[in-house]
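Asker:
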Amino acid sequence: MLRGADSEIAQSISIEIQPTRTLPEEVQNHIGEWMHRIFAGMDVGIEWAGGDWSILVHVNGELVSHVNIVDRVVRVGGRDVRLGGIGNVATLETWQGRGLASIGMRTAQAFMCDELGVDFGLLLCEEDLIPFYRRLGWQVVSEPAVVDQPGGKVTLHHIVMVISCQQSEWPSGAIDLCGLPW
Ligand SMILES: CC(C)(COP(=O)(O)OP(=O)(O)OC[C@H]1O[C@@H](n2cnc3c(N)ncnc32)[C@H](O)[C@@H]1OP(=O)(O)O)[C@@H](O)C(=O)NCCC(=O)NCCS
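Dropping the structure here:
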């Protein structure tokens, strides 16, 4: 059984990991509209990066939960750090509270750490979701994230959380995501 899955649906869950650009156009459009519906009202005026990898969680063949990974080299305290940037974490409302986003997140974490071989994961979130990500092994760092926007570099107000992939400590210093946020 999948760790953390609601026992009623555990047998019906399947997980797909795909390079985002290779997903069929209709699937990309469907996910794009879904993410727009959820996130457009939350972070008005911020331009976001697309994902490099998509983690798709299905129940009985229906896409119900989603995570993106962005593979990027960023600057932390003046050093290059290769990150798996986690974004677009979402579960359809009717399927929430059954462990599906946790399964998608654990899959994303294992994939980016073991297959992609990144040094850390990094995600941006609001305060209320800190306990959810903490339960999955993430920790808050105090430095805000500086990101690129069409008008130049800006500092985001979001909470920055990281997870170590290779047992190294998160470096201290300013975080520049060297591109659009995710
Ligand atoms: C956050 C989200 C992805 C969780 O999906 P899920 O499949 O229900 O997640 P799980 O079942 O693995 O875990 C559920 C836990 O998430 C936490 N959680 C979800 N939404 C939360 C919120 N708005 N505030 C605080 N905690 C929240 C709760 O601890 C919940 O536990 P509970 O069911 O015992 O109350 C889902 O609620 C969602 O799609 N929200 C809208 C999009 C969003 O905010 N994404 C995160 C962007 S950083």
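Just so we're aligned: the sequence shown equals residues 1144 to 1325 in this note's numbering.
Built from N, CA and C at the ideal position, the CB exists for glycine as well.
Computed from a predicted structure; not experimentally measured.
For the structure I just gave you, are there three or more beta carbon pairs, one from the segment 1225-1237 and one from the segment 1196-1215, closer than 8 angstroms?
Answerer: Cβ pair count under 8 angstroms is three or more, so yes.
Asker: What do you get for Met1304, buried or exposed, if any count of 16 or more other CB atoms within 10 angstroms of its CB means buried?
Answerer: Numbered from its first residue, the sequence shown carries residue 1304 at position 161. Result: buried.
Asker: Let me know the secondary structure DSSP gives Met1144 once reduced to three states.
Answerer: As a working note, residue 1144 is residue 1 in the sequence shown. For Met1144, the predicted model reports a pLDDT of 49, less than 50, meaning its position is unreliable; a value from the coordinates is still stated below. Met1144 falls in the coil class under three-state DSSP.
Asker: What is the residue span of the beta strand (DSSP E) that Gly1349 lies within?
Answerer: One cannot answer for residue 1349 here, as it falls past the ends of the chain, which runs 1144 to 1325.
Asker: So, do the segment 1288-1301 and the segment 1154-1169 have three or more beta carbon pairs nearer to each other than 8 angstroms?
Answerer: They do not touch, by the three-pair rule.
Asker: Have a look at the DSSP bridge pairing and note the partners of Pro1162.
Answerer: As a first step, residue 1162 must be located in the sequence shown, where it is residue number 19. Its beta-bridge partners are Trp1196.
Asker: Near Thr1163, which residues of its chain fall below 8 angstroms by C-beta distance, leaving aside the five closest residues on each side in sequence?
Answerer: In the sequence shown, counting from the first residue as 1, residue 1163 sits at position 20. Excluding sequence neighbours, Thr1163 sits near Gln1171, Gly1193, Gly1194, Asp1195, Trp1196, Ser1197 and Asn1211.
Asker: Report buried or exposed for Arg1278, applying the criterion of at least 16 other Cβ atoms within 10 angstroms of its Cβ.
Answerer: Start at 1 with the first residue of the sequence shown, and residue 1278 comes out as number 135. Flag for Arg1278 reads exposed.
Asker: Does the Cβ of Val1283 have 16 or more other Cβ atoms within 10 Å, making it buried, or fewer, making it exposed?
Answerer: Taking the sequence shown and counting its residues from 1, the one referred to as residue 1283 is at position 140. Burial call: exposed.
Asker: What residue range does the alpha helix (DSSP H) around His1179 cover?
Answerer: Within the sequence shown, residue 1179 is the residue found at index 36, counting from 1. His1179 -> alpha helix (DSSP H) spans Glu1168 to Phe1182.
Asker: Going by alpha carbons, who is nearest to Ser1150 out of Met1185, Ile1318 and Gly1242?
Answerer: Stepping through the sequence shown from its first residue, residue 1150 is reached at position 7. Of Met1185, Ile1318 and Gly1242, the residue nearest in Cα terms is Gly1242.
Asker: Is the beta carbon of Ile1302 sitting closer than 8 angstroms to the one on Cys1268?
Answerer: For the purposes of this step, residue 1302 is taken as the residue at position 159 of the sequence shown. For the purposes of this step, residue 1268 is taken as the residue at position 125 of the sequence shown. Cβ atoms of Ile1302 and Cys1268: closer than 8 angstroms.
Asker: Using a Cβ-Cβ cut-off of 8 angstroms, state whether Thr1165 counts as contacting chain C.
Answerer: Although the question refers to chain C, the structure presented lacks it and comprises just one protein chain.
Asker: Is there at least one non-hydrogen atom of ligand 1 closer than 7 angstroms to the beta-carbon of Arg1241?
Answerer: Working through the sequence shown from its first residue, we reach residue 1241 at position 98. Yes, ligand 1 has a heavy atom inside 7 angstroms of this Cβ.
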